[in-house]
Amino acid sequence: MALTRPGAKMLDAIEIDTPVPGPDDVLVRVLACGVCRTDLHVVFGDLPNPTIPVVPGHEIVGVVDAVGANVSTRAIGERVGVPWLGWCCGICEYCEHQQENLCRRARFTGYQLNGGYADYAVANASFCFPVPAKYDDVHAAPLLCAGLIGYRAYRMTGEARRIGLYGFGAAAHIIAQVAVHERREVYAFVKSGDESAVRFARDVGATWAGYSNEPPPVLLDAAIIFAPVGALVPEALSRVGPAGTVVCAGIHMSDIPSFPYRLLWEERVVRSVANLTRQDAHDFMAVAAEAPLRTHVQTYPLAEANRALGDLRDGRLSGAAVLVP
Ligand SMILES: [Zn+2]
Ligand SMILES: [Zn+2]
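Under the working numbering, the letters of the sequence shown match residues 5 to 329, in that order.
Laid out in C-alpha cells, this is it:
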C-alpha cells in the first residue's frame, strides 16, 4: 500500500518486485506493521518531500528472510523490529555525540525509505533489533514507535512524579503503563466528550482521567503532548508547577497560540522530541521485556490500510491500529 502522489490523502495498492537487500541490509518478511500518526502526516502531505512512491509504515515486526553480504549481526529466521530511524550518516557532529536522531542526512522508514505496509521490507541491519519474545507480532508492533519514541519523550520528564499525558492514543497507553510500573502517577487528558478514552486511560492505570480543558486535581511535575494540537502547549504549561517540563512528542503540530509569559515563568520548560536513537530502542526494549506492558491493538488486513488511517484520523481507535499482510 503506497503513497503514489504527494499529499494524496490515501494509499494505492501497487505491485512492486520483492526488494533485494544491499550488502548491509536485511530482507524482512512483514508479520505486522503498526499505524502511527506520522503515517497520516506523510499521507496528508504535512511532512515535506516524501519519496514518491513510498510505502509507509515504521512499526514493522517481521522475520529476516535474507541478509546482505556484510551482515553478521542478524540471522535468517530471526524476528526483528524496524523503527522510524532507518539510516544516519555516522560521521556528523550529531551522530558523533549520541544525537543520531538529529542527523541532517538521516533517512526514515516509511518516508524516505519504503516501510512496512507491504509483504516485504528491506532495512539496514544495524537499524533493526530483536523484539521481546513475550509479545506476539501484532502486540509488539506498537512498541516500535508509539512505545519507543513515547519512551524518549517520557525520559525527558526526568524525575517527575506526576505526569500529564495529553492525547490518549497508542503512545500514551503504553507510556502510562511504564510510568505506573515505575510508581509515578499518570493524569490523562482526552478530547472533550470522549468518555471511552477516559475509561481506557483508567483501565491502563491512570490516577485521574479527564478532558484536556479541565484542571487536574493536583499541579503536575511534567506533561507530554501526544496530540498534534498546538493549543495544548499553553494549556499544559498552565497545569505544571515551577520547573515543570512540557514535552511535545509529535513530529507535526498545529501552530501554538501566543500565551502570557507568566505560564513559562519560574523555569518551566517547553521542548520537543525528535525521532529516536538506536540506544533509545535498546533501552525501551529492555523496559518492555521487563515491565508487564499490555498493548491494545485493532488489526486490519494490509489491503484496508486506508480504513485504518481513517479510524486513526477520526479518533475511532482505542489503542493502536496494526496492519497484517
Ligand atoms: Zn511513529
Ligand atoms: Zn549524521
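In this text, a Cβ means the ideal position worked out from N, Cα and C, and glycines have one as well. Please read these numbers as outputs of a predicted model, since none were measured by experiment.
Is the beta carbon of residue j closer than 8 Å to that of residue i?
i      : j      : result
Thr249 : Gly162 : yes
Arg111 : Gly90  : yes
Leu224 : Arg243 : yes
Ala164 : Val30  : no
Arg275 : Glu104 : no
Ala253 : Ala175 : yes
Ser322 : Ser196 : no
Ala79  : Val67  : no
Val34  : Ala125 : yes
Ala309 : Tyr121 : yes
Ala293 : Pro136 : yes
Val142 : Val326 : yes
Met160 : Val75  : no
Cys37  : Gly61  : yes
Ile167 : Arg187 : no
Please report the Cβ distance between residue i and residue j, rounded to the nearest whole angstrom; I am assuming they are in contact, meaning their Cβ atoms lie under 8 Å.
i      : j      : result
Pro146 : Ala324 : 4 Å
Val39  : Leu313 : 6 Å
Thr8   : Ile56  : 7 Å
Ala210 : Val233 : About 19 Å separates the two Cβ atoms, so there is no contact after all.
Val237 : Ile229 : 7 Å
Leu152 : Leu280 : 6 Å
Thr64  : Gly26  : According to the sequence as given, residue 64 is Ile; it is not Thr. The Cβ separation is near 17 Å, so there is no contact.
Thr42  : Ile260 : Contact doesn't hold; Cβ gap of about 19 Å is too wide.
Glu239 : Ser258 : About 13 Å; that fails the 8 Å criterion.
Measure the C-alpha to C-alpha separation of residue i and residue j and round it to an integer number of angstroms.
i      : j      : result
Val277 : Asp207 : 27 Å
Ala247 : Ala183 : 20 Å
Asp140 : Val301 : 11 Å
Tyr115 : Val59  : 8 Å
Thr22  : Glu271 : 53 Å
Glu218 : Asp318 : 22 Å
Phe193 : Arg203 : 11 Å
Pro329 : Phe133 : 21 Å
Ala6   : Leu106 : 26 Å
Val222 : Leu241 : 14 Å
Ser262 : Thr77  : 49 Å
Leu316 : Trp212 : 24 Å
Gly214 : Pro52  : 35 Å
Tyr3   : Ala180 : Past the edges of the chain, shown from 5 to 329, lies residue 3, and the structure says nothing about it.
Ile18  : Ala127 : 20 Å
Ile178 : Val71  : 32 Å
Ala231 : Gln102 : 27 Å
Cys99  : Phe131 : 14 Å
Val32  : Thr303 : 20 Å
Lys138 : Asp123 : 23 Å
Run the proximity test for residue i: is its beta-carbon closer than 7 Å to any non-hydrogen atom belonging to ligand 4?
i     : result
Gly94 : This structure lacks ligand 4; the ligands present are ligand 1 and ligand 2.
Measure from the C-beta of residue i to each C-beta in chain B and report whether the shortest distance is under 8 Å.
i      : result
Leu268 : Among the chains of the structure shown, chain B does not appear; only one protein chain is present.
Starting from the N-terminal side, write out each stretch of the alpha helix (DSSP H) that is 4 residues or longer and does not extend beyond the stretch 125-189.
Counting whole runs of 4 or more residues, the stretch 125-189 contains the alpha helix (DSSP H) stretches 141-144, 150-159 and 174-185.
Would you be able to state if there are at least three C-beta pairs under 8 Å between the stretch 137-157 and the stretch 292-301?
By the Cβ test, the stretch 292-301 is in contact with the stretch 137-157, since at least three Cβ pairs between them sit closer than 8 Å.
Could you tell me whether the stretch 45-56 touches the stretch 73-85, using the rule of 3 or more Cβ pairs below 8 Å?
No, they do not touch.
What are the start and end residues of each continuous alpha helix (DSSP H) run of 4 or more residues lying completely inside the stretch 200-284, in chain order?
If we require 4 residues or more, the alpha helix (DSSP H) runs fully inside the stretch 200-284 come out as 236-241.
Within the stretch 10-57, note down every full alpha helix (DSSP H) run reaching 4 residues or more, in order along the chain.
As summarised for the stretch 10-57, the continuous alpha helix (DSSP H) elements at least 4 residues long and confined to that stretch are 41-47, given in chain order.
Note down, one range per segment and in chain order, each beta strand (DSSP E) of at least 3 residues found wholly within the stretch 75-118.
Secondary structure within the stretch 75-118: the beta strand (DSSP E) runs of 3 or more consecutive residues, fully enclosed, are 83-86 and 89-91 (chain order).
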